[in-house]
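Numbering (this note's numbering), first residue to last: 100 to 471. Input: a single structure, listed below in structure tokens.
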């Protein structure tokens, strides 16, 4: 039976995701589709506007069979750590293929670039650009251009890191791509019904135009990132900023003088050529939850569990296959490992800010979608 893995944040799940999912089902001929879903926090440094339990429910409604969590300490991180965590999840679930969306839609591209970025001469050039004050993405593409190769756009760069993670974790897994396009196939959607997740988040009042019907009811109760600001400012004053996961030399001084009454204003006041917007966003979330370098390093080094967020009847069959060979948890509690402890800490903080019930959901059974 063929198992295919996908990696998503669904922040929020929209028509483009549904198109992507249906194309994967059609082209992969998969018997099972397994999703590695980011936890409360996203890679670019945001609190997801819908919690992970709601996003799990919506993914199952779309047709995913099994949802595995990528914990927040790993899901909100630089691209290579993010990619490694998600690929490890799916490798542990014994997927045969991982399918992603990319600008070029050409998985052969990654082998060529991967062979280059392993070379010392490339790493030296990349380090030189970074030392001269350029952000990682700009430095990476300038280094690539030094070898007469075209720069990579965001999704293809992430695809390269997925490829690198697969080579290290399980080279038998095949990486497959679907080309991202704004003209998303007339047969399924009009182009006007497709918007990116970031565009939808920026214009929530119009979001219903771009999401499937089963998502719409949840968009009236999203998590506003600006409500994190009092916690961010309090922790800037009271914590050791040098210990924060995204802290680098000198940035803590900028943090102490931060300006702005919204997250966007705060990001703008901190952003420089050296510090990308995503890095600044992650740093602010580090401040909010006091995420330290030691927390992230512990998760990278020691986290080897599969946290199951939800499944349907097909997914239950996958769990039966995995239970003897994987460290599986369908609910968590404090004291299992440091990564789960931090996930519960985040849930408790969010419950305090948003008057939610996430801590209770952490320790209860996963979401099960019954057959209609």
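Beta carbons: idealized from backbone N, C-alpha and C, even for Gly. All figures in this text were calculated on a predicted structure; none of them were measured in a lab.
Inter-residue CB distance, residue i and residue j (contact presumed, cutoff 8 Å)
{"i": "residue 544", "j": "residue 181", "result": "In the structure displayed, the chain extends from 100 to 471; residue 544 sits before or after that span and is not available."}
{"i": "residue 381", "j": "residue 168", "result": "Rounded, the Cβ-Cβ distance is 19 Å, inconsistent with contact."}
{"i": "residue 267", "j": "residue 201", "result": "Between residue 201 and residue 267 the Cβ distance is about 20 Å, and since that is not below 8 Å, they are no contact."}
{"i": "residue 404", "j": "residue 428", "result": "6 Å"}
Inter-residue Cα distance where the pair is residue i and residue j
{"i": "residue 302", "j": "residue 219", "result": "45 Å"}
{"i": "residue 186", "j": "residue 458", "result": "27 Å"}
{"i": "residue 307", "j": "residue 163", "result": "22 Å"}
{"i": "residue 122", "j": "residue 298", "result": "22 Å"}
{"i": "residue 252", "j": "residue 228", "result": "18 Å"}
{"i": "residue 368", "j": "residue 331", "result": "15 Å"}
{"i": "residue 439", "j": "residue 177", "result": "20 Å"}
{"i": "residue 402", "j": "residue 392", "result": "15 Å"}
{"i": "residue 261", "j": "residue 205", "result": "13 Å"}
{"i": "residue 208", "j": "residue 222", "result": "19 Å"}
{"i": "residue 113", "j": "residue 426", "result": "32 Å"}
{"i": "residue 240", "j": "residue 249", "result": "8 Å"}
{"i": "residue 348", "j": "residue 256", "result": "26 Å"}
{"i": "residue 400", "j": "residue 344", "result": "15 Å"}
{"i": "residue 197", "j": "residue 398", "result": "23 Å"}
{"i": "residue 333", "j": "residue 271", "result": "48 Å"}
{"i": "residue 142", "j": "residue 184", "result": "11 Å"}
{"i": "residue 192", "j": "residue 265", "result": "13 Å"}
{"i": "residue 342", "j": "residue 442", "result": "19 Å"}
{"i": "residue 102", "j": "residue 243", "result": "34 Å"}
{"i": "residue 311", "j": "residue 396", "result": "38 Å"}
{"i": "residue 362", "j": "residue 234", "result": "21 Å"}
{"i": "residue 293", "j": "residue 124", "result": "19 Å"}
{"i": "residue 153", "j": "residue 159", "result": "10 Å"}
{"i": "residue 289", "j": "residue 133", "result": "Residue placement at residue 289 is poorly supported in this model, since its pLDDT is 48, which falls under 50; the coordinates still yield a value, given next. Looking at the two C-alpha atoms, the distance is approximately 28 Å."}
{"i": "residue 436", "j": "residue 321", "result": "29 Å"}
{"i": "residue 246", "j": "residue 269", "result": "28 Å"}
{"i": "residue 460", "j": "residue 448", "result": "14 Å"}
{"i": "residue 328", "j": "residue 450", "result": "15 Å"}
Contact check, residue i vs residue j, beta carbons under 9 Å
{"i": "residue 357", "j": "residue 335", "result": "yes"}
{"i": "residue 149", "j": "residue 157", "result": "yes"}
{"i": "residue 350", "j": "residue 199", "result": "no"}
{"i": "residue 326", "j": "residue 453", "result": "yes"}
{"i": "residue 263", "j": "residue 216", "result": "yes"}
{"i": "residue 467", "j": "residue 411", "result": "yes"}
{"i": "residue 309", "j": "residue 259", "result": "no"}
{"i": "residue 386", "j": "residue 340", "result": "yes"}
{"i": "residue 296", "j": "residue 109", "result": "yes"}
{"i": "residue 275", "j": "residue 127", "result": "yes"}
{"i": "residue 338", "j": "residue 130", "result": "no"}
{"i": "residue 390", "j": "residue 161", "result": "no"}
{"i": "residue 273", "j": "residue 195", "result": "yes"}
With 16 other Cβ atoms within 10 Å as the buried cut-off, status of residue i
{"i": "residue 313", "result": "exposed"}
{"i": "residue 100", "result": "exposed"}
{"i": "residue 111", "result": "buried"}
{"i": "residue 283", "result": "Bear in mind that a pLDDT of 41 at residue 283, under 50, signals an unreliable position, so the number given afterwards is only what the model happens to contain. Buried, by the Cβ-count rule."}
{"i": "residue 417", "result": "buried"}
{"i": "residue 287", "result": "Any reading at residue 287 is ruled out, since the residue's pLDDT is 45, under 50, leaving its predicted position unreliable."}
{"i": "residue 465", "result": "buried"}
{"i": "residue 499", "result": "This structure cannot settle anything about residue 499, because the visible part of the chain is limited to 100 through 471."}
{"i": "residue 433", "result": "exposed"}
{"i": "residue 470", "result": "exposed"}
{"i": "residue 145", "result": "buried"}
{"i": "residue 170", "result": "buried"}
{"i": "residue 409", "result": "buried"}
{"i": "residue 462", "result": "exposed"}
{"i": "residue 359", "result": "exposed"}
{"i": "residue 116", "result": "buried"}
{"i": "residue 120", "result": "buried"}
{"i": "residue 371", "result": "exposed"}
Residue i: CB within 8 Å of a non-hydrogen atom of the ligand GDP
{"i": "residue 453", "result": "By its list of ligands, the structure shown contains no ligand whatsoever, and the ligand GDP lies outside what it can speak to."}
Cutoff 9 Å: residue i Cβ touching any chain B Cβ
{"i": "residue 191", "result": "Among the protein chains of the structure shown there is no chain B, as only one such chain exists."}
**OP:** Run through the segment 380 to 453 for me and flag every whole alpha helix (DSSP H) of 4 or more residues, listed as ranges in chain order.
**Re:** Listed in chain order, they are 392 to 401, 412 to 421, 437 to 453.
**OP:** Give, in chain order, every unbroken run of the beta strand (DSSP E) that is at least 3 residues long and sits entirely within the segment 160 to 228.
**Re:** Qualifying beta strand (DSSP E) stretches, in chain order: 165 to 169, 196 to 201.
Original post:
Residue ranges of each alpha helix (DSSP H) run of no fewer than 4 residues wholly in the segment 296 to 355, ordered along the chain?
Top reply: The segment 296 to 355 contains, as complete alpha helix (DSSP H) runs of 4+ residues, the segments 296 to 301, 312 to 315, 328 to 337, 350 to 355 (chain order).
**OP:** Identify every run of the alpha helix (DSSP H) within the segment 105 to 136, keeping only runs that are complete inside it and at least 4 residues long; order them along the chain.
**Re:** Taking only runs of at least 4 residues, the alpha helix (DSSP H) segments lying wholly in the segment 105 to 136 are 114 to 127.
Original post:
At what residue ranges does the segment 231 to 274 contain a whole run of the beta strand (DSSP E), taking only runs of 3 or more?
Top reply: Runs of the beta strand (DSSP E) inside the segment 231 to 274: none found.
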